[in-house]
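The structure appears right after this line, and notes come after that.
Here you go:
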């Protein structure tokens, strides 16, 4: 549904479309990029890119993921040959799992995009990192604004 929504927005936009998402929202944006929608760029914050890890946590009681569903819905396993320019960030006060997912996604995505800005935001955590999304003078805000000016 997200991919369909992105395609619908892009078909009606009067300018470039940029996507952003945090946590599960970053997962949804990454999944939307799998079909190569016509977007100019994306910002992914503290994303969940490998759902296999969730199968072994309390979260899976609600999700009900088996190995096949986790693989099918893990964008890091299914990245297309070409991705748009990306900003990928994680807070330095994140859990080890989110930090690992960040680094694994960046490693997989870097050869598939013409530009990838990756960083760990000082003093930020899973919940307050998005506060810098449009804030000039912060690493995240400046990176996103630069992406949008491309």
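Numbering (our numbering), first residue to last: 642 to 791.
Note that CB positions come from ideal geometry on N, CA and C, so glycine has one too.
In this text, all values refer to a predicted model and were calculated from it rather than measured experimentally.
Would you kindly work out how many angstroms separate the C-alpha atoms of residue i and residue j, rounded to a whole number?
| i | j | result |
| --- | --- | --- |
| residue 792 | residue 680 | This structure leaves residue 792 out entirely; the chain is present only between 642 and 791. |
| residue 747 | residue 758 | 9 angstroms |
| residue 655 | residue 751 | 29 angstroms |
| residue 721 | residue 694 | 22 angstroms |
| residue 700 | residue 665 | 12 angstroms |
| residue 697 | residue 707 | 10 angstroms |
| residue 772 | residue 663 | 11 angstroms |
| residue 674 | residue 755 | 14 angstroms |
| residue 704 | residue 713 | 14 angstroms |
| residue 734 | residue 780 | 16 angstroms |
| residue 709 | residue 778 | 43 angstroms |
Starting from residue i, trace the beta strand (DSSP E) in both directions and tell me its first and last residue.
| i | result |
| --- | --- |
| residue 717 | No beta strand (DSSP E) holds residue 717; DSSP gives it neither H nor E. |
Would you list the one or two residues that DSSP bridges to residue i?
| i | result |
| --- | --- |
| residue 760 | 730 |
| residue 662 | 685 |
Check for me: the alpha helix (DSSP H) holding residue i runs from which residue to which?
| i | result |
| --- | --- |
| residue 650 | 643 to 653 |
| residue 701 | 701 to 704 |
| residue 745 | 737 to 750 |
| residue 785 | 780 to 790 |
| residue 776 | That residue, residue 776, is in no alpha helix (DSSP H); it is neither H nor E in DSSP. |
| residue 713 | 708 to 713 |
Leaving out five residues on either side along the sequence, give the residues of the same chain with a beta carbon under 6 angstroms from the beta carbon of residue i.
| i | result |
| --- | --- |
| residue 684 | 661, 728, 785 |
| residue 668 | 688, 689 |
| residue 743 | 731 |
| residue 672 | 716 |
Can you find the residues in the same chain that come closer than 7 angstroms, C-beta to C-beta, to residue i, ignoring five residues on each side of it along the sequence?
| i | result |
| --- | --- |
| residue 717 | 690, 691, 745, 746, 749 |
| residue 676 | 644 |
One question on the structure: do residue i and residue j come within less than 8 angstroms of each other, judged by their Cβ atoms?
| i | j | result |
| --- | --- | --- |
| residue 774 | residue 764 | no |
| residue 678 | residue 648 | yes |
| residue 682 | residue 791 | yes |
Spatial neighbours of residue i within its chain, please: C-beta separation below 8 angstroms, excluding the five flanking residues on both sides.
| i | result |
| --- | --- |
| residue 769 | 732 |
| residue 753 | 720, 721, 722, 723, 724 |
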